[in-house]
Amino acid sequence: MARTLAMFTDVSLCIGCRACQVACKQWNQLAPEEPEWTGSYQNHPHFTDKSYRLVRFFEEPDDKVGIRWHMMSDVCKHCAQAGCLEACPTGAIYRTDYGTVNINQDICNGCRYCVSACPFGVVAFNHDTGTATKCTFCNDRIHNGLGPACAKACPTESIRFGFRDELADKARKRVEELRKMGYKDAQLYGEDQNGPLGGLNAFFLLLSKPSIYGLPEKPKLPQRNVFVDSLLSIGAAVAVGLGAVVAFRGRGVREDS
Amino acid sequence: MEPGLLKSADWPLLIDVYFFLGGIAGGAFVIATIANLLDRQRYRDVVRVGYYIALLAVLPGAIFLIVDLGLPTRFLHMIMVAKPSTEIGMDAITVGPFHLKPLSPMNAGAWALLGFSFFAFLAALDVFREDRGGRSMGALRALAGIIGSGFGFFLAAYPGVLLGATARPLFINAHWLGALFLAVGGSTGAAAIALVLSLMGGEQREALSRLMRFTAFALVVQAAALILFIVAVSSAGSAGLSKALAGLLSGPYSLTFWLGAVVVGLALPLVLQFAGAIKRTTPGMAALVSLLVLVGGFIVKYVIIAAGQAT
């Protein structure tokens, strides 16, 4: 396997221009969509089958300044342990040699299990093609020596692209810098490979706690449940099976007819 | 966690119907097998009807699954693709064009559906030959019954495990859905057999009485699993979860849940049974209890899936 690639999104540099969103649409030839009013500059409310990058806008109440305004360019996290990939019954979702997660459109049969298995609500179903879609990490570009379109377009280098280990070092330095500058809540999200989901290959620097950005504090791989749930099912199977044996065994409840 | 940010697969009613039919098929097959092994002659009608129901219930279910796919022509991709990718899961086993992913209940379920259909077909074929005056392949039928029962249990339970392996707040901490769905499979499978027997006429009192006895037992397991599910979800905490659970217990789905799943599906049939349907089973009483169990069994699956997908 080649060296793992990553994207690092530093929200402290994001100006909410949405150039990433536009670049993503252009490169991946994603069709236009009806705009939706979300109450802020954000459009759409969630990832869709035609929006793989999404700049989110959040307002956090603050005692000192009234309201703190957050902007964050959100994207598929390309989890090291990916719920969508494990859920996929067809093997259409696979891990590339760069460690990213991609959906093979020629294999996906549109069962939509991955849609409900993503801990971040990223994967979306495309009703036109009948398949599930999400950020490809610009699979075509990275295999030809280019970075993802969003990172290329970002004017403030809020989105950075590179080898995961190098980016993680940069991210750790940056968070120290910000803390010294007084952003005491600055933290990395998904950078730790021993953390939830084995780390995210698209990780973030946040200026506040993850829930402010609509991110789960401790995302969990849904497939972790399969073992315990199966054991409990086997227990129920034993009970029901024994119940049937008891019900059909022994002296008849036959009454004289 | 903001549950609103998560996405739902938006599976339509067709999938609920498949889960319901799969449960009936698995349950009826297991009951027929146990009756067949214990006393083939005495329970001849239970065995016949059970194996026929198993086959007839599983076939449309498989069709519903295929119809619901975004690209139905690719239904075979559930178990095989011509050129599989290399890294398709931490537990994936690939043999030639075939792949098995034990951590993906949908993939494992597709395999189980295939295996179950095969043994359900064998068993139904053997019963059919016997009905036509031919001789049953006794030992072979017993073997098909035993192996098929493993698949039958799997078929009844896996949809619950499948839901538990999603990120939906109501499901991810539920843990008991597989057990619940299995118990529903048992109760509805027995109820389906009992309903047919009670309509068939003839001397069915003993068979019906035993089926009612088993149904009552399965309903108790079902009630226990339902309570444990609610306890597991409510003790997991977090705002998203309580909202999801509230949707089921006191929100938009509460009427369907309490009236359909609890009163019609559990309380009424249990009361009727302990009031006499087990000891002195009349065909009419057995048919009434069976209908209640079938309706309640569908509703409990439907309402949990609907509430889980909505919140």
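Protein chains in written order, with the working numbering: chain U, 1 to 257; chain W, 1001 to 1311.
Beta carbons are placed, not taken as given, at the ideal position from N, Cα and C, and that holds for glycine.
Chain W contact for residue i (CB, 8 Å cutoff)
i, result
"Tyr113/U", "yes"
"Val240/U", "yes"
"Leu200/U", "no"
"Lys220/U", "yes"
"Arg249/U", "yes"
"Leu205/U", "no"
"Arg95/U", "yes"
"Gln105/U", "no"
"Asp229/U", "yes"
"Gln223/U", "yes"
"Ala236/U", "yes"
"Leu232/U", "yes"
"Cys118/U", "yes"
"Ala6/U", "no"
"Asp256/U", "Note that Asp256/U scores 41 on pLDDT, short of 50, meaning its location in the model is unreliable and no value can be drawn from it."
"Ala31/U", "no"
"Gly195/U", "no"
Closer than 8 Å to chain U by CB, residue i
i, result
"Pro1105/W", "yes"
"Glu1087/W", "yes"
"Phe1274/W", "no"
"Val1069/W", "Here the sequence assigns Leu to residue 1069/W, which means Val is not the residue at that position. Chain U, which has a Cβ nearer than 8 Å to the Cβ of Leu1069/W, makes this yes."
"Arg1044/W", "no"
"Thr1166/W", "yes"
"Phe1214/W", "yes"
"Ser1242/W", "no"
"Pro1084/W", "yes"
"Ser1250/W", "no"
"Gly1296/W", "no"
"Arg1141/W", "no"
"Arg1040/W", "no"
"Gly1145/W", "no"
"Arg1048/W", "no"
"Lys996/W", "Outside the displayed span of chain W (1001 to 1311) sits residue 996/W, for which this structure offers no information."
"Glu1002/W", "Model confidence at Glu1002/W stands at a pLDDT of 42, short of 50, so the residue's coordinates are unreliable; what they give is reported in the following sentence. Closer than 8 Å: yes."
"Thr1160/W", "Sequence check: residue 1160/W is Gly here, not Thr. Judged by the 8 Å Cβ criterion, Gly1160/W is in contact with chain U."
"Ser1290/W", "no"
"Phe1075/W", "yes"
"Phe980/W", "Outside the displayed span of chain W (1001 to 1311) sits residue 980/W, for which this structure offers no information."
"Asp1126/W", "no"
Residues that residue i bridges to, as DSSP identifies them
i, result
"Ala6/U", "Gly162/U"
"Met1080/W", "Phe1098/W"
"Thr48/U", "Ser51/U"
"Leu206/U", "Gln187/U"
"Leu200/U", "Cys79/U"
"Arg1205/W", "Paired residues: none, contrary to the question."
"Asp74/U", "Leu54/U"
"Ile1093/W", "Leu1100/W"
"Glu60/U", "Arg68/U"
beta-carbon residue i near the ligand COA non-hydrogen atom, thresh 7 Å
i, result
"Cys114/U", "The model on display carries no ligand, and the ligand COA is accordingly not part of it."
Any chain A beta carbon closer than 8 Å to residue i
i, result
"Asn109/U", "Although the question refers to chain A, the structure presented lacks it and instead comprises the protein chains U and W."
Stretch-stretch touch, CB-based, cutoff 8 Å, three pairs: the stretch 1292-1308 of chain W with the stretch 1177-1192 of chain W: With a cut-off of 8 Å, the stretch 1177-1192 of chain W and the stretch 1292-1308 of chain W count as touching, because enough Cβ pairs lie within range.
Secondary structure, beta strand (DSSP E): runs of 3+ residues fully inside the stretch 82-125 of chain U: For the stretch 82-125 of chain U, whole beta strand (DSSP E) runs of length 3 or above, ordered along the chain, are 93-95, 101-103.
Alpha helix (DSSP H) segments (min. 4 residues) lying fully within the stretch 1211-1277 of chain W: Entirely contained in the stretch 1211-1277 of chain W, the alpha helix (DSSP H) runs reaching 4 residues are, in chain order, 1239-1249, 1268-1272.
contact_flag[the stretch 238-250 of chain U, the stretch 213-225 of chain U] where n(CB pairs < 8 Å) is 3 or more: They do not touch, by the three-pair rule.
Stretch-stretch touch, CB-based, cutoff 8 Å, three pairs: the stretch 1034-1047 of chain W with the stretch 87-94 of chain U: Fewer than three Cβ pairs drawn from the stretch 1034-1047 of chain W and the stretch 87-94 of chain U lie within less than 8 Å of each other, which leaves the two stretches out of contact.
Ordered list of alpha helix (DSSP H) runs contained in the stretch 126-188 of chain U, each at least 4 residues: Runs of the alpha helix (DSSP H) spanning 4 or more residues and lying entirely within the stretch 126-188 of chain U occur at 139-142, 149-153, 164-180, in chain order.
Short-range partners of chain W found in the stretch 80-92 of chain U, where Cβ spacing is below 8 Å: Flagged, chain order: Gln81, Gly83, Leu85, Glu86, Ala87, Cys88, Pro89, Thr90, Gly91, Ala92.
Three or more C-beta pairs below 8 Å linking the stretch 143-152 of chain U and the stretch 17-24 of chain U: Segments in contact, yes.
Continuous alpha helix (DSSP H) assignments of at least 4 residues falling wholly in the stretch 10-41 of chain U: Those alpha helix (DSSP H) runs which fall completely within the stretch 10-41 of chain U and span 4+ residues are 19-27.
Segments assigned beta strand (DSSP E), at least 3 residues, entirely inside the stretch 1096-1181 of chain W: Taking only runs of at least 3 residues, the beta strand (DSSP E) segments lying wholly in the stretch 1096-1181 of chain W are 1098-1100.
Inter-stretch contact at 8 Å, needing at least 3 Cβ pairs: the stretch 1049-1067 of chain W / the stretch 71-83 of chain U: Segments in contact, no.
Sufficient close CB pairs (3 or more, under 8 Å) joining the stretch 1083-1096 of chain W to the stretch 91-111 of chain U: A contact is defined here as three or more CB-CB pairs under 8 Å, and the stretch 1083-1096 of chain W meets this definition with respect to the stretch 91-111 of chain U.
Interfacial residues, the stretch 1188-1211 of chain W to chain U, with Cβ spacing under 7 Å: Here the close residues are Glu1203, Arg1205, Glu1206, Ser1209, Arg1210.
Stretch-stretch touch, CB-based, cutoff 8 Å, three pairs: the stretch 199-210 of chain U with the stretch 8-18 of chain U: Between the stretch 199-210 of chain U and the stretch 8-18 of chain U, the count of C-beta pairs closer than 8 Å reaches three or more; the two stretches touch.
Against chain U: residues of the stretch 1108-1122 of chain W by CB proximity under 9 Å: Per Cβ criterion, the list reads Ala1108, Gly1109, Ala1110.
The stretch 121-140 of chain U: positions lying closer than 9 Å to chain W by Cβ: Among the residues of the stretch 121-140 of chain U, those with a Cβ less than 9 Å away from any Cβ of chain W are Gly121, Val122, Val123, Ala124, Phe125, Asn126, His127, Thr129, Gly130, Thr131, Ala132, in the order of the chain.
At least three beta-carbon pairs within less than 8 Å, the stretch 1297-1306 of chain W to the stretch 1009-1019 of chain W: Contact between the stretch 1297-1306 of chain W and the stretch 1009-1019 of chain W is present, because at least three Cβ pairs lie under 8 Å.
Any 3 or more C-beta pairs closer than 8 Å across the stretch 1160-1178 of chain W and the stretch 107-121 of chain U: The stretch 1160-1178 of chain W is in contact with the stretch 107-121 of chain U.
Secondary structure, alpha helix (DSSP H): runs of 4+ residues fully inside the stretch 1004-1059 of chain W: If we require 4 residues or more, the alpha helix (DSSP H) runs fully inside the stretch 1004-1059 of chain W come out as 1013-1038.
Given 8 Å, three or more beta-carbon pairs between the stretch 1245-1255 of chain W and the stretch 1210-1229 of chain W: Verdict: no, contact absent.
Cβ contact check for the stretch 1105-1113 of chain W and the stretch 1147-1157 of chain W: 3 or more pairs under 8 Å: A contact exists between the stretch 1105-1113 of chain W and the stretch 1147-1157 of chain W.
Proximal residues, the stretch 1016-1036 of chain W versus chain U, C-beta separation under 7 Å: The residues in question are Val1030, Ile1031, Ile1034, Ala1035.
Sufficient close CB pairs (3 or more, under 8 Å) joining the stretch 1117-1131 of chain W to the stretch 1089-1100 of chain W: The count of Cβ pairs closer than 8 Å, one atom from the stretch 1117-1131 of chain W and one from the stretch 1089-1100 of chain W, stays below three, leaving the stretches out of contact.
Sufficient close CB pairs (3 or more, under 8 Å) joining the stretch 162-172 of chain U to the stretch 22-35 of chain U: Short answer: they don't touch.
The stretch 1133-1152 of chain W in contact with the stretch 184-196 of chain U per 3-pair CB rule at 8 Å: At 8 Å Cβ cutoff, the stretches do not touch.
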